[in-house]
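Everything on this sheet refers to the single structure shown next.
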Amino acid sequence: MASITLNNIVKKYDDGFPAVNDVSLDIADGEFVILVGPSGCGKSTLLRMIVGLEDITSGDMMIDGRRVNEADPKERNLAMVFQNYALYPHLTVFENIAFPLRLAKLSNSEVDQKVREASALLELDDHLDRKPANLSGGQRQRVAMGRAIVREADAFLFDEPLSNLDAKLRGQMRAEISQLQRRLGVTSVYVTHDQTEAMTLGDRVAVLKKGVLQQVASPRELYEQPANLFVAGFIGSPSMNFLPATHKETAEGHVLSSPIGDIPIPQDKAAAALGREIVLIGLRPEFFEDASMLDDAKRAQGSVFPSTISHVEWLGHEQYGYIDYEQDERVADRLTALAQELDADELRPQVVATLSAESLARPGQPLDLWVDTSRMHIFDPETGDNLT
Ligand code: ATP
Numbered sequence: 001m002a003s004i005t006l007n008n009i010v011k012k013y014d015d016g017f018p019a020v021n022d023v024s025l026d027i028a029d030g031e032f033v034i035l036v037g038p039s040g041c042g043k044s045t046l047l048r049m050i051v052g053l054e055d056i057t058s059g060d061m062m063i064d065g066r067r068v069n070e071a072d073p074k075e076r077n078l079a080m081v082f083q084n085y086a087l088y089p090h091l092t093v094f095e096n097i098a099f100p101l102r103l104a105k106l107s108n109s110e111v112d113q114k115v116r117e118a119s120a121l122l123e124l125d126d127h128l129d130r131k132p133a134n135l136s137g138g139q140r141q142r143v144a145m146g147r148a149i150v151r152e153a154d155a156f157l158f159d160e161p162l163s164n165l166d167a168k169l170r171g172q173m174r175a176e177i178s179q180l181q182r183r184l185g186v187t188s189v190y191v192t193h194d195q196t197e198a199m200t201l202g203d204r205v206a207v208l209k210k211g212v213l214q215q216v217a218s219p220r221e222l223y224e225q226p227a228n229l230f231v232a233g234f235i236g237s238p239s240m241n242f243l244p245a246t247h248k249e250t251a252e253g254h255v256l257s258s259p260i261g262d263i264p265i266p267q268d269k270a271a272a273a274l275g276r277e278i279v280l281i282g283l284r285p286e287f288f289e290d291a292s293m294l295d296d297a298k299r300a301q302g303s304v305f306p307s308t309i310s311h312v313e314w315l316g317h318e319q320y321g322y323i324d325y326e327q328d329e330r331v332a333d334r335l336t337a338l339a340q341e342l343d344a345d346e347l348r349p350q351v352v353a354t355l356s357a358e359s360l361a362r363p364g365q366p367l368d369l370w371v372d373t374s375r376m377h378i379f380d381p382e383t384g385d386n387l388t
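full-length UniProt numbering applies: residue 1 is where the sequence shown begins, and numbers increase by one.
Quick look at the structure:
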């Protein structure tokens with residue numbers, strides 16, 4: 001197994017635009033790191049540079065401390081697991097797993113031993129005579145990983161392996177890959193544009209935007225302490241709500257005037273807004289609740305705002321309540337800039353609130369909306385940095 005280190009890696013294609021721009025990342029031996037970001041952010045390019053399928057424009061790529069910029073893919077001894085698993089339909093499971101060993105001209109007895117060891121580990125022993133068409137999606141994935149295991153690759157590199165599967169199978173496969181990776185303890189780098197996969201699979205997640213690394217952190221840290229607007233908006237579903245707000249000082253203390261009402265700034269966040277006239281408040285949908293669902297103690301932890309729900313989506317275990325807010329001109333500007341920052345087409349002047357399934361909130365009716373303001377984030381509207 002191996003550690004993988006990227007030092008100031010840059011990739012420019014022929015057009016000269018940096019598809020990967022000064023990325024530095026340390027992947028420890030045995031670690032499972034996810035590269036995530038929207039389409040075109042450079043994650044596949046980065047993976048292909050690690051494995052040696054793409055030239056590196058500048059920077060150093062190290063495997064176990066050895067510089068491999070010019071090394072051939074074969075010398076790097078990394079195994080790529082692709083989207084379509086790249087299985088041979090006419091070969092049995094045994095022969096599919098054995099394929100790299102046959103290429104390496106191992107003796108029949110060695111091939112047999114290695115394939116049987118790998119298939120025992122992958123619980124494929126009972127299916128060795130089957131063809132890929134007669135396997136479940138999960139089993140096919142395991143065959144693809146079996147091939148990487150028999151090669152005794154130092155690391156597994158996954159390029160969106162689940163993106164062609166339906167949602168249910170994707171969920172199962174996610175669990176399977178995660179368990180297997182932990183069992184094998186093999187260094188793994190996994191590319192996806194799906195934030196749920198990123199959050200559930202990895203030890204650490206590297207978020208990329210337009211070739212630039214935004215934050216590398218554990219899933220929990222990304223969720224609780226996003227470094228900037230982009231990461232905050234990308235991680236979490238539905239996405240974090242961003243509200244333009246002006247800062248004012250009142251007799252009661254510092255307050256942020258937002259389109260849903262005046263929000264008192266919690267003591268530990270006061271410094272974030274100091275000296276700034278306009279900020280962006282970040283509130284995840286799950287920080288909200290129908291105030292009538294809460295006991296007094298819980299209510300007192302946050303603030304309550306009178307509001308009107310415009311639309312409700314009932315999901316069974318919870319509901320999403322949508323609250324439109326008035327858009328003044330300054331807010332319109334901010335929302336356009338914010339949409340660009342988040343790589344989104346447009347942002348509506350709207351808040352999404354997660355309400356409990358029992359809430360009787362109905363469109364057009366008044367609702368006392370509770371917000372856990374102690375968890376709010378405050379962002380610099382110019383730089384996008386999280387100030388809290
Ligand atoms: P996706 O999720 O859509 O696969 P990605 O994050 O993996 O996207 P890359 O495929 O790495 O992104 O592409 C990064 C950028 O580099 C994009 O702007 C893309 O158009 C450009 N690019 C990728 N491959 C080439 C190439 N062979 N020649 C020129 N430009 C390329």
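The beta-carbon is built from N, C-alpha and C at its ideal position, and this holds for glycine as well.
Consider the C-beta atom of residue i and the heavy atoms of ligand 1; say whether any pair is separated by less than 7 Å.
i: Y13; result: yes
i: A300; result: no
i: H317; result: no
i: S119; result: no
i: T57; result: no
i: A19; result: yes
i: H377; result: no
i: S107; result: no
i: T196; result: no
i: G275; result: no
i: S44; result: yes
i: G37; result: yes
i: G52; result: no
i: G16; result: no
i: H193; result: yes
i: G146; result: no
i: G261; result: no
i: G40; result: yes
Mind checking which residues open and close the beta strand (DSSP E) that includes residue i?
i: E197; result: E197 -> not in any beta strand (DSSP E); alpha helix (DSSP H) instead, spanning Q195 to L201.
i: M49; result: Where M49 is concerned, there is no enclosing beta strand (DSSP E), although the alpha helix (DSSP H) it sits in stretches over K43 to V51.
i: S188; result: T187 to T192
i: D26; result: P18 to I27
i: N69; result: Neither: N69 is in no beta strand (DSSP E) and is coded neither H nor E.
On the DSSP bridge list, what partners appear for residue i?
i: P169; result: Just to set this straight, residue 169 is Leu in the shown sequence, not Pro. In DSSP, L169 forms no bridge with anything.
i: H254; result: E249
i: H377; result: G282
i: D262; result: S257
i: L213; result: L208
i: D368; result: P306
i: F158; result: V81 and Y190
i: residue 394; result: The requested residue 394 does not occur in the structure, where the chain is confined to residues 1 to 388.
i: F242; result: G282
i: T388; result: According to DSSP, which records beta bridges pairwise, T388 is partnered with nothing at all.
i: I9; result: V23
i: D60; result: N7
i: N228; result: D385
Between which two residues does the alpha helix (DSSP H) harbouring residue i extend?
i: A273; result: A270 to A273
i: R204; result: Element bounds for R204: not the alpha helix (DSSP H) but the beta strand (DSSP E), R204 to K209.
i: V143; result: G137 to V150
i: R130; result: Counting along the chain, R130 falls outside any alpha helix (DSSP H), and DSSP gives it neither H nor E.
i: Q113; result: N108 to L121
i: E221; result: P219 to E224
At a Cβ threshold of 8 Å, is residue i touching chain D?
i: F288; result: In the displayed structure, chain D is absent; only one protein chain is listed.
Original post:
Can at least three beta-carbon pairs, one atom from the region 75-83 and one from the region 146-159, be found at a separation below 8 Å?
Top reply: yes
Subject >> Every unbroken beta strand (DSSP E) within the region 71-106, with a cutoff of 3 residues, ordered by chain >> reply: 78-81
Subject >> 3 or more residues per run - each beta strand (DSSP E) lying fully within the region 286-361 >> reply: 288-290, 303-308, 311-314, 318-324 and 350-356
Original post:
For the region 267-277 against the region 287-294, are there 3 or more C-beta pairs whose distance is under 8 Å?
Top reply: no
Subject >> Three-pair Cβ contact test at 8 Å for the region 116-129 versus the region 83-99 >> reply: yes
**OP:** Say whether the region 104-112 touches the region 218-231, bearing in mind that this needs 3 or more beta-carbon pairs closer than 8 Å, one atom from each stretch.
**Re:** no
Original post:
Counting Cβ pairs, one atom from each stretch, are 3 or more of them under 8 Å apart for the region 378-385 and the region 314-324?
Top reply: no
**OP:** Would you check if the region 24-33 and the region 171-190 touch, i.e. whether three or more CB-CB distances between them fall below 8 Å?
**Re:** yes
Original post:
Is it a yes or a no for the region 31-50 touching the region 9-21, going by three-plus beta-carbon pairs under 8 Å?
Top reply: yes
Subject >> Touch test, the region 170-185 against the region 197-213, Cβ-Cβ under 8 Å, three pairs minimum >> reply: yes
Subject >> Given 8 Å, three or more beta-carbon pairs between the region 7-14 and the region 49-69 >> reply: yes
Original post:
When the Cβ atoms of the region 363-375 are set against those of the region 298-309, are three or more pairs found closer than 8 Å?
Top reply: yes
Original post:
Taking one C-beta from the region 203-217 and one from the region 236-243 each time, how about it: are there three or more such pairs within less than 8 Å?
Top reply: no
Original post:
Would you call the region 137-155 and the region 167-175 touching, i.e. three or more CB-CB distances under 8 Å?
Top reply: yes
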